[in-house]
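Heads up: the sequence shown is residues 202 to 513, going by our numbering.
Have a look at the structure below before the remarks.
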Amino acid sequence: MTILVTGAAGFMGSHFVKYVLEAYPTYRVVVLDKLTYAGNLDNLKEVVLNPRYTFVQGDIADPGVLQKIFNEHPIEVVVNYAAETHVDRSVMDPTAFLKTNVFGVYHLLEAVRQFGVKRMIQISTDEVFGSIDVGAFTETSAFEPNSPYSAAKAGGDLLCRSYVATHNVPVIVTHSCNVYGPHQYPEKLIPLFITNLIEGKKVSLYGDGLNVREWIYVTDHCRAIDRIMHEGILGEVYNIGTGEEMTNRAITLVVLSAMKYDKDMIEMVQDRPGHDRRYAIDHTKLTTKLGWQPDVRFEEGIRQTIEWYRKN
Ligand code: NAD
202 MTILVTGAAG
212 FMGSHFVKYV
222 LEAYPTYRVV
232 VLDKLTYAGN
242 LDNLKEVVLN
252 PRYTFVQGDI
262 ADPGVLQKIF
272 NEHPIEVVVN
282 YAAETHVDRS
292 VMDPTAFLKT
302 NVFGVYHLLE
312 AVRQFGVKRM
322 IQISTDEVFG
332 SIDVGAFTET
342 SAFEPNSPYS
352 AAKAGGDLLC
362 RSYVATHNVP
372 VIVTHSCNVY
382 GPHQYPEKLI
392 PLFITNLIEG
402 KKVSLYGDGL
412 NVREWIYVTD
422 HCRAIDRIMH
432 EGILGEVYNI
442 GTGEEMTNRA
452 ITLVVLSAMK
462 YDKDMIEMVQ
472 DRPGHDRRYA
482 IDHTKLTTKL
492 GWQPDVRFEE
502 GIRQTIEWYR
512 KN
C-alpha cells in the first residue's frame, strides 16, 4: 500500500511516517510538505534513506503538485496533517490559515475524487467545537469555532463532510485533543515552556492559567490514526481523546517540578482574545468500535518529552 502523508515534516505527521514505516514493512510513504517555518526535514532524518519513503516539497493547495504525485505514485490512502496550526498566528493574520486549512483540503479532496483514492483521513482538532464548561463534545456536536485557526479547520472538515454527501468521496474526519511529545515546534505551550526553562527563562501563562485542555501523547495519536486508517468506517467522524484534562497552570507546575524549578518562574500575561476556557471530547466511539486505548500517561509522556528537548 502507498500512503500520501501531507504535512509530515511537522510534529505529528513525522511521528506517523516513522510509525507506519516501522509497523508495516511493505507499506510505502510519500510525504508532501511545503516546509513552512513549522516543517523541519530533521524530523524525518531517521527515514530519509528508507527505500519505501519519498519526499516531495510542495503545497497541498497546488493542484499541479497533486496531479504530479498522484500520476507518479499509486496512492491508495491520503492522511492530511498539513495545516497552519498556531492559534496566536491566526489571530495576527489568518490568510495562510484559510489557504491551507480550507483551500488545501478542497484541492486534496478533488484529487482524491479524481484519482479514485480508497480513503482519506482528515486530521483535525477538538477546537472546532469551541469551549464547553461541563461534559464533553461527541462526534455529532455542533461546530462553534472561536479562533481563525479553528474556524479554518472547521471549514476544511465541513468540506470533507460535503464531499462524502455530494460526491461519495471516502473521507474520515478525526478530532483530536491537544497533542504533545518530541519534535513539536517550540511555539506551543509545552515545548515553549520546556525550551524556555532549559535556557533559564521564565514561562508566560495566559490570563488566570485556568483554561483546561485534554492531552494525548503523540505516539498514542499515531496508534489511533492507524486504527482509523485500517478499520474506520468511511464517511464517519472519530474523536481522539484520553480524558486526561489539566489546567494550563497544572501543566506548568508539572513541567516546572520535572525540571527542578519552582513557581517563581511563572509570569502571568494578558489573556489571548477569544481564548476558549475548556476543551473536552468524548472518545467512547474510538474505544468501543475500534478497540483503541491510550498507552502513555501524562507524567510519563512529559518526562520523555523533556528528556528529548534536553538532548536536542
Ligand atoms: P505542525 O505545525 O507541527 O506541522 C504542520 C506541517 O504542515 C509543517 O510541516 C508544514 O510545513 C506543513 N504545511 C503547512 N502548510 C502546508 C501546505 N499548504 N502544504 C503542505 N504542507 C504544509 O502541526 P502539527 O501540530 O503536527 O499538526 C498536524 C495536524 O494535526 C494539523 O492539521 C492540526 O490542525 C492537527 N491537530 C494538531 C493538534 C496539536 O495539538 N498539535 C491537535 C489536534 C489536531
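Just so it is clear, CB atoms sit at the ideal spot from N, CA and C, and this is done for glycine as well.
Whole-Å CB distance - residue i paired with residue j, under 8 Å assumed
i: L205; j: I276; result: 5 Å
i: F345; j: G331; result: Note on identity: in this sequence residue 345 is Glu, with Phe being the wrong assignment. Indeed they touch by this definition, with Cβ atoms about 3 Å apart.
i: A209; j: L245; result: 7 Å
i: V280; j: M430; result: 7 Å
i: T339; j: N440; result: 7 Å
i: I417; j: V456; result: About 17 Å; that fails the 8 Å criterion.
i: S291; j: T326; result: Contact doesn't hold; Cβ gap of about 12 Å is too wide.
Beta-bridge partners of residue i, as assigned by DSSP
i: R229; result: T203
i: F338; result: I482
i: T375; result: I324, Y439
i: D465; result: DSSP lists no partner for D465.
i: Y381; result: Y418
Same chain, Cβ closer than 8 Å to residue i, five either side skipped, listed in chain order
i: A308; result: According to the sequence shown, residue 308 is His rather than Ala. Excluding sequence neighbours, H308 sits near I261, A262, D263, P264, L267.
i: T396; result: P387, Y510
i: R504; result: A459
Coil, strand or helix - residue i by DSSP
i: E345; result: coil
i: Q315; result: helix
i: T255; result: strand
i: S332; result: coil
i: E277; result: strand
i: R414; result: strand
i: L250; result: coil
i: T237; result: coil
i: E285; result: coil
i: V497; result: coil
i: Y386; result: coil
i: V514; result: Nothing can be reported for residue 514, as the shown portion of the chain is limited to 202 through 513.
i: E446; result: strand
i: V404; result: strand
i: N513; result: coil
i: D427; result: helix
i: D409; result: coil
i: D243; result: helix
i: H216; result: helix
Beta-carbon proximity list for residue i, same chain, < 7 Å, skipping 5 on both sides
i: R511; result: I399
i: P295; result: P349, A353
i: V230; result: I204, V206, V218, V221, L222, R253, Y254
i: M466; result: L398, K403, V404, L457
i: S342; result: F330
i: Y462; result: L398
i: G259; result: L233, K235, V266
Residues of its chain near residue i, where Cβ-Cβ distance is below 6 Å and the 5 sequence neighbours each way are ignored
i: G408; result: D472
i: A337; result: A481, I482, D483
i: C361; result: Q323, V372, V374
i: F271; result: A312, F316
i: L299; result: A353
i: E328; result: S351
Any non-hydrogen atom of the ligand GTP within 7 Å of residue i CB
i: Y407; result: Among the ligands in the structure shown, the ligand GTP does not appear; only the ligand NAD can be found there.
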